[in-house]
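Here is the structure we will look at, set down as structure tokens.
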Amino acid sequence: MNTEDSWTNTVLAHARRPFEVWLSCDDCFDRSDAILEDVLDRDLPLPADLRAHLIGCPACRDEMETLAELIAADSGLDPAEGRERLDARIARP
Amino acid sequence: MANNAEGLLEREDAIDSGKPGEASGPDVVLAAAATEEDYDWLGELTSTGSGQRDAIKRLHELMLRAARFKLSRMGEASRLGHVRADEIVQSSADEAVVAILAKLSTFEGRSRFTTWAYKFGILHTATAVRREVWSNTEIDLSSIPEPTSRLGDPVAHVEGLALSGALRRCIAECLTPHQQRILIAITVEGIPIDVIADRLHTTRNTVYKTLHEARRRLREGLIAQGYINTTEEVN
Ligand SMILES: [Zn+2]
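Protein chains in written order, with my numbering: chain A, 1 to 93; chain B, 1 to 235.
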């Protein structure tokens with residue numbers, strides 16, 4: 001429900017997120033496959049700009065999480081595991 | 001399904017690599033990590049005849065898998081009904097194959113070919129589902145909606161009053177009306193960024209840039225007034 005309290009909390013939460021390093025949706029898309037394999041196959045951290053974009057852009061994050069799930073499924077893993085490993089890299093640099 | 005893949009074969013002019021009648025895949029140099037399978041995909045997709053036909057068919061099957069997988073993970077897709085959902089899967093797979101063929105020369109082997117290809121299937125499906133789900137919802141992007149009422153703990157309300165007032169003041173003073181509307185539409189109303197882009201006849205990039213700038217200005221304003229600090233990080 002769009003009450004003033006939930007409104008304030010939601011907008012504030014967005015303003016507090018570390019979204020500021022700029023990256024466009026197109027650039028995020030272009031780099032997402034290679035960077036995701038770095039995360040899932042080589043346990044490397046996300047580049048700062050891509051991490052900031054995934055924190056700030058719900059659509060790109062949603063699509064990259066699905067890609068992580070699909071790659072995990074193809075590798076015979078639980079799809080949730082792929083998603084969790086990506087989310088962990090988004091949560092901390 | 002097979003018909004869709006066959007139809008795509010007639011769009012060989014869309015393939016972004018090599019000359020007609022000439023296989024250019026093997027001449028391409030990919031990143032060091034590229035595998036034989038990556039070279040095979042590229043070589044077959046840029047070849048001619050039955051090799052190319054088979055590769056496009058396999059690519060279409062891969063895109064169907066990505067589309068079905070994405071659809072199964074979108075809660076809102078349950079509102080589409082089986083028939084419409086299947087239509088979206090088919091059309092998204094078709095569009096993804098066309099997009100991949102048009103961008104083949106940008107594949108550098110920095111990921112596996114299948115990973116690179118999957119992202120097209122996921123993007124096209126996600127965008128199509130979101131567009132369809134929101135298609136019957138009127139979205140007014142010309143005015144800024146007001147919160148409806150105050151609910152919950154009265155003490156918390158009093159404590160939050162100053163913050164809420166500062167936030168609303170900051171939004172009104174620091175952001176343009178367009179930035180205000182985009183910020184509220186995405187963060188509060190949860191309208192997907194690509195749906196907003198559709199309605200405004202612009203691109204997802206442009207809408208994200210507006211959101212980014214709005215949030216940046218808002219954050220600066222709230223930091224200047226001491227309502228949030230620079231080290232806060234909430235995911
Ligand atoms: Zn994005």
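Glycine included, every Cβ here is placed at the ideal spot set by N, Cα and C. Here the structure is a predicted model, which means the values were calculated and not measured.
For A:Ala-52, the closest C-alpha among the options A:Ser-6, A:Arg-42, A:Cys-25 and A:Val-39 is that of A:Cys-25. Using a cutoff of 6 Å, the CB of B:Cys-174 does not count as near ligand 1, since none of the ligand's heavy atoms is closer than that. With respect to B:Gln-179, B:Thr-210 sits close: the two C-beta atoms are nearer than 7 Å. From the listed residues A:Leu-46, A:Asp-33, A:Ala-91 and A:Cys-57, the smallest Cα separation to A:Glu-69 is found for A:Asp-33.
Sequence-distant Cβ neighbours of B:Gly-221 in its own chain, meaning closer than 6 Å and more than five residues away, are Cys-170 and Cys-174. For B:Leu-222, at least one C-beta of chain A is nearer than 7 Å to its own C-beta. Per DSSP, reduced to three states, the secondary structure at A:Trp-22 is coil, with no helix or strand assignment. Nearest CB-CB separation between A:Ser-75 and chain B: not below the 7 Å threshold. Listed by position along chain B, the residues whose Cβ is nearer than 7 Å to that of A:Pro-47 form an empty set, because the closest Cβ is around 13 Å away.
DSSP places A:Thr-8 in the helix class (H, G or I) of the three-state scheme. Remark: the C-beta of B:Tyr-208 is in contact range of ligand 1, defined as less than 6 Å to any heavy atom. B:Gly-121 and B:Met-63 have their C-alpha atoms roughly 5 Å apart. Two segments are said to touch when three or more pairs of C-beta atoms, one from each, lie closer than 8 Å; by this definition the stretch 111-126 of chain B does not touch the stretch 49-56 of chain B. If you draw a straight line from the Cα of B:Trp-41 to the Cα of A:Arg-61, it comes to about 28 Å. Here the alpha carbon of B:Ser-143 sits roughly 8 Å from the alpha carbon of B:Pro-177.
Taking a beta-carbon distance threshold of 7 Å, B:Arg-110 counts as an interface residue toward chain A. Looking only at B:Thr-230, B:Thr-125, B:Leu-163 and B:Asp-194, the smallest Cα-Cα distance to B:Met-74 is reached by B:Thr-125.
With fewer than 16 other CB atoms across the displayed protein chains lying within 10 angstroms of its CB, B:His-82 is exposed.
Cβ atoms of A:Glu-37 and B:Arg-112 come within 8 Å of each other, at about 7 Å.
Using a Cβ distance threshold of 7 Å, B:Val-89 and B:Ala-66 do not count as a contacting pair.
In this model, B:Glu-138 and A:Ile-71 are separated by some 36 Å (Cα to Cα). Look at the stretch 48-59 of chain A: the residues with a C-beta under 9 Å from a C-beta of chain B are His-53, Ile-55, Gly-56, Cys-57, Pro-58 and Ala-59. When secondary structure is reduced to three states using DSSP, B:Lys-57 falls in the helix class. Taking non-hydrogen atoms of ligand 1 into account, the C-beta of A:Cys-25 is found less than 6 Å away from one of them.
For A:Thr-66, the enclosing alpha helix (DSSP H) stretches over residues 58-74.
The beta-carbon of B:Thr-187 is placed less than 7 Å from the nearest beta-carbon of chain A.
Contact annotation, B:Pro-145 with A:Ala-59: C-beta distance approximately 21 Å; criterion of less than 8 Å not satisfied. In this structure, the alpha-carbon of A:Met-64 lies about 14 Å from that of A:Ala-73. Proximity of the beta carbon of A:Cys-60 to ligand 1 is indicated: a heavy atom of the ligand is located closer than 6 Å.
B:Arg-215 is positioned such that its CB atom lies closer than 7 Å to that of A:His-14.
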